[in-house]
Amino acid sequence: MTQLLGRIRRLGLPGAILLAGVALSACGKNTVQPQNVLDPKAPIARDLDRLWDPVFAIAVVVFVIVEVLVVMVAIRFRRRGDDDSPKQIHGNTAMEFGWTAAPALILAVVGFFTVINIGKLDAYPKAGPDVMRVNVTGHQWWWEFDYPETGVVTANELHIPVGKTIDVRLASADVIHSFWPPKLAGKLDAVPGRLNHMQIKTDAVDAGQTFWGQCAEYCGLSHANMRLKVVVHTPASYAAWEENQTASASYALPADTEAGNGAALFRSKGCGGCHTINGYTAGKVGPNLTHFMSREVFAGAIFPNDVESLRAWLRDPPKMKPMMPNNGLGMPNLNLAETEISDLIAFLQTLK
Ligand SMILES: [Cu+2]
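Here the numbering used here is used: the first residue of the sequence shown is 758, the next is one more, and so on.
Here it is, written out as structure tokens:
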């Protein structure tokens, strides 16, 4: 009796973990899973998904066969008494041949379709009139998007037009990151000293939609806070976005206003040493703020771009998002007074 109870108790913890896993995995619905890799919304993501489905099916079959055999063997050949030991054999040519040939065959089939798929992905154009190039740079812990054809530089929000193939030229400013917008395309590492390419292509139905992505290679303290947004435009709305991004502004703001004070503080407090505002400052460490108000999110796409979040950010950035400013990573706390914060926000709000 006590033996039986002990057995049940031993099963308790693994059983509970298994149950919790099954229960929790059912929590999310497709519509509320912005990064569900099984819900592809663009041609390249669909190509990948079409490969994933049959490979997963094969894996399920292999899993079931292996588990059934393991359980069967454990029951059938369990120890029955003190002097019970299994029959000793040495080698079985037929079985050894079988368990070598079968996996080799399965892997060859999977490999065949993988190679076909790689060829398909490689066939997306990398240059030409229908291709738009974007330099994507991973920073600890935010993304920089630089459009070499227009000179636009922005952060965390990638804006693209439908119809064009986007040639993402992926680099890193520090450590290895991984660029991953799962509903649109695959995942590719951003490696220091290397330029990697990947393509993004969207369908007409994607226009007007926003897709989420995430750095997918552990890159230090705020890796989890290194998200990104891809905003897909119709050609017309993309042209409007581009026109706004390329417009230059005047920073000669009246000195006796909040915004005017903020513009002066932006320089005197050292913000301009880290942030570029075209025609005003030329910092290289943090995101380009020239058209900051055109972005809906900031700091690795984790905060909404509103006054409340900006105020909290400027009060104490490392409290909002874990960063290591003492090691030169991220934005330091500049110990600003509340009135200085108000002035700086008023200035930032002119950066449309
Ligand atoms: Cu990361």
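Every residue, glycine too, gets a C-beta built ideally from N, C-alpha and C.
Beta-carbon proximity list for residue i, same chain, < 6 Å, skipping 5 on both sides
i	result
GLY772	none
VAL819	none
GLN1002	VAL909, HIS1048
LEU915	PHE902, VAL987
MET983	TRP898, CYS972, GLY1057
ALA1016	LEU1010, ALA1103, PHE1104, THR1107
TYR904	VAL891
GLY1019	ASP1100, LEU1101, ALA1103, PHE1104
ALA930	THR894, HIS896
Environment of residue i [buried if 16+ CB atoms lie within 10 Å]
i	result
PRO1044	buried
MET889	buried
LYS1041	exposed
PRO938	buried
TYR711	Limits of the chain in this structure are 758 at one end and 1109 at the other, which puts residue 711 out of reach.
GLN845	exposed
PRO800	buried
SER979	buried
ALA993	exposed
ALA942	buried
Residues of its chain near residue i, where Cβ-Cβ distance is below 8 Å and the 5 sequence neighbours each way are ignored
i	result
ILE815	ILE863, VAL866, VAL867
Coarse secondary structure for residue i, derived from DSSP in three states
i	result
ALA912	strand
SER1005	coil
ASN787	In this prediction, ASN787 scores a pLDDT of 44, lower than 50, which makes its location untrustworthy; the coordinate-derived value is nonetheless stated afterwards. Looking at ASN787 - three-state DSSP - the assignment turns out to be helix.
VAL1054	strand
ALA773	helix
ILE863	helix
ALA997	helix
ARG951	coil
MET1080	coil
LEU1127	Coverage of the chain is limited to positions 758 through 1109, which leaves residue 1127 absent and any answer about it impossible.
LYS958	strand
ALA884	coil
Residues near residue i by beta carbon distance below 7 Å, same chain, minus five either side
i	result
ILE1098	ARG1068, LEU1071, ARG1072
In chain order, each beta strand (DSSP E) run of at least 3 residues that lies wholly inside the region 962-988: Within the region 962-988, the complete beta strand (DSSP E) segments at least 3 residues long are 967-972, listed from N- to C-terminus.
Uninterrupted alpha helix (DSSP H) stretches inside the region 800-849 (no shorter than 4 residues): Secondary structure in the region 800-849: the alpha helix (DSSP H) runs of 4 residues or longer, each lying completely within the stretch, are 800-833 in chain order.
The region 919-932 touching the region 951-968, judged by at least three CB pairs closer than 8 Å: Touching, yes, given that three or more Cβ pairs across the two stretches are closer than 8 Å.
Touch test, the region 856-865 against the region 882-897, Cβ-Cβ under 8 Å, three pairs minimum: Because the criterion of three Cβ pairs below 8 Å is not met, the region 856-865 and the region 882-897 do not touch.
In chain order, each alpha helix (DSSP H) run of at least 4 residues that lies wholly inside the region 1013-1052: Those alpha helix (DSSP H) runs which fall completely within the region 1013-1052 and span 4+ residues are 1015-1025, 1028-1031.
At least 3 beta-carbon pairs within less than 8 Å: the region 1088-1104 vs the region 1062-1072: The region 1088-1104 and the region 1062-1072 touch, with no fewer than 3 CB-CB distances between them shorter than 8 Å.
Stretch pair the region 1077-1088 + the region 991-1002: three plus CB contacts closer than 8 Å: The region 1077-1088 makes no contact with the region 991-1002; the number of CB pairs closer than 8 Å stays below 3.
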